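In our numbering, the protein residues as written are 534 to 1020.
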Ligand SMILES: *Cc1c(COP(=O)(O)O)cnc(C)c1O
């Protein structure tokens, strides 16, 4: 504590030691929040936001308060939590994140930077992405898609003789990005940010399994070629968010090549399933694409905030995202080989291959997850989660009150409660709302084939068969009550 003019004006200074004491006090609360149990709506969200404190509370005050807040945190680790595609971290991921938080930035020549490079390489190998590809860790699939499509845009305009990153959008033909009608909306947002416009994304119909119809892609590309559109990219989704369906990647690549287009694989959710021999065949052709993304914060349980973009031609990624010359960075671009001090080299091209300069070494967490369980552990997790999806699908098919709307391909299940004479979309919407309010089962909904469906996604390593049966019990129970209410 520094003392100002008098005893009442003590200013709290940051404690730069005492980590053991702080963590020791906090860990019981962290473990409490880590324990599998869904939570009710947090009491804190209704509280007014207080003004910034004039006087600090000191380290012990912060730790005590944090512990209280943790009692009311979202429990993404709960095995009943299965909406969207997000979940909490495993233990190794938490430990690695803590280590990385004090272990520096993703630049310079040091161990955390080395682990980041290993994390990228191992992730690529496990997901079937060819190693010469350049990778960069980013905050999520949204940014990863933006980077990959930024590289695709760069290449499309270079083919017309323009360096778009330098010259801007003023010149150039109208262009197209092709993606399944089930593609993630971050594709559209990327197109908007890249100046191509959301309207440049042409939805290609999916078949009844949720896979892109490549004949429709071919005729759309042919028509657009006649009309003079420049094809920027075709997006193949390797695990759609709504259904878990996988586009026919090698067929898409074949069609795209006929029209000279880049192929981007959005594997944010599904690409880790390449690790298993049982599902690898679904990704045939994946190594022949031009760019890929995968989100370790989905199936690899790193906890939110970690995705990766890979581009086959790293120089293209650099030309698209280069910052240009900066006097303040002049000194750090030495070759790694020449470096003597850890700070002689920036040690990675990422500052000019992404949207971030300063960034945490996110790859340390990916390294830790893969170091702990290996490729076979990823395969086993994927197989286990898919088996749970299949078990749920079988149980649903055998129940006359339930309808399986789509056979699961990965670990998303789309099913619904049926009741003749009732508005079944409203019914299923209300069932999911009630499930969230009254049970530990937290799925989400989506719409497929005009039907509102209950949509759990199994990616959590803590999930077991008993969670599937609990989900079924809860759906049956809540379903019969909502039916009575709506009848
Ligand atoms: C989740 C997801 C995204 C977006 O990723 P975020 O990490 O949420 O930004 C993109 N594409 C697909 C297929 C996804 O499932």
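Ideal Cβ placement from N, Cα and C applies to all residues, glycine included. Source: prediction; values computed, not measured.
> residue 832 by DSSP, collapsed to three states: which one?
Replying inline: coil
> Hey, which unbroken runs of the alpha helix (DSSP H) at 4 residues or more fall wholly within the segment 612-666?
Replying inline: 624-635 and 644-660
> Which first and last residues belong to the alpha helix (DSSP H) in which residue 503 is found?
Replying inline: Residue 503 lies beyond the residue range present for the chain, which begins at 534 and ends at 1020; the question has no answer from this structure.
> Around the C-beta of residue 896, are 16 or more other C-beta atoms found within 10 angstroms, so that it is buried, or is it exposed?
Replying inline: buried
>> Quick check: the Cα distance between residue 943 and residue 718, rounded to an integer number of angstroms?
In response: 20 Å
> Which partner residues of residue 709 appear in the DSSP bridge assignment?
Replying inline: 764
>> Given a cut-off of 7 Å on the beta-carbon distance, is the pair residue 838 and residue 672 in contact?
In response: Yes.
>> Among 654, 666, 742 and 765, whose alpha-carbon lies nearest the alpha-carbon of residue 705?
In response: 765
> In its own chain, which residues sit with a C-beta less than 6 Å from the C-beta of residue 899, not counting the 5 before and 5 after it?
Replying inline: 652, 656 and 829
>> Just to confirm the assignment, what range does the beta strand (DSSP E) spanning residue 797 have?
In response: 795-799
>> For residue 711 and residue 737, which I take to be in contact (beta-carbon distance under 8 Å), what is that distance rounded to the nearest angstrom?
In response: 6 Å
> Can residue 747 and residue 784 be called in contact, C-beta distance under 7 Å?
Replying inline: yes
> What residue range is occupied by the uninterrupted beta strand (DSSP E) comprising residue 991?
Replying inline: Note, residue 991: premise wrong, no beta strand (DSSP E); not H, not E.
> Below 8 Å, can you find three or more Cβ-Cβ pairs linking the segment 803-812 to the segment 716-730?
Replying inline: no
> Which residues mark the beginning and the end of the alpha helix (DSSP H) in which residue 851 is found?
Replying inline: 847-854
> Rounded to the nearest angstrom, how far is the Cβ of residue 885 from that of residue 855, given a contact under 8 Å?
Replying inline: Going by Cβ atoms, the distance from residue 885 to residue 855 rounds to 4 Å, so yes, they are a contact pair.
> In whole angstroms, what separates the C-alpha of residue 1019 from that of residue 963?
Replying inline: C-alpha separation (whole angstroms): 10 Å.
> Got a sec, what are the start and stop residues for the alpha helix (DSSP H) residue 816 sits in?
Replying inline: Per DSSP, residue 816 belongs to no alpha helix (DSSP H) and is neither H nor E.
>> Let's test the definition: count the other Cβ atoms within 10 Å of the Cβ of residue 550 and tell me whether it reaches 16, buried, or not, exposed.
In response: exposed
> Can you give, in chain order, each stretch of the beta strand (DSSP E) that sits fully within the segment 911-952 and has at least 3 residues?
Replying inline: 935-939 and 947-950
> How many whole angstroms separate the CB atoms of residue 643 and residue 1003, which I take to be in contact at a CB cut-off of 8 Å?
Replying inline: Residue 643 to residue 1003, Cβ: 46 Å. No contact.
> Which same chain residues, not among the five before or five after residue 865, have their C-beta less than 6 Å away from its C-beta?
Replying inline: Within the same chain, 879 come within 6 Å of residue 865 by CB-CB distance, once the 5 residues on both sides are set aside.
>> Check whether the segment 575-590 and the segment 621-635 are in contact - that is, three or more C-beta pairs closer than 8 Å.
In response: With the cut-off at 8 Å, the segment 575-590 and the segment 621-635 do not touch.
> Cα separation between residue 985 and residue 959?
Replying inline: 8 Å
> If you draw a straight line from the C-alpha of residue 699 to the C-alpha of residue 771, how long is it?
Replying inline: 32 Å
> In three-state DSSP terms, what is residue 581?
Replying inline: coil
>> Between residue 858 and ligand 1, is there a pair consisting of the residue's CB and a ligand heavy atom that are separated by less than 6 Å?
In response: Using a cutoff of 6 Å, the CB of residue 858 does not count as near ligand 1, since none of the ligand's heavy atoms is closer than that.
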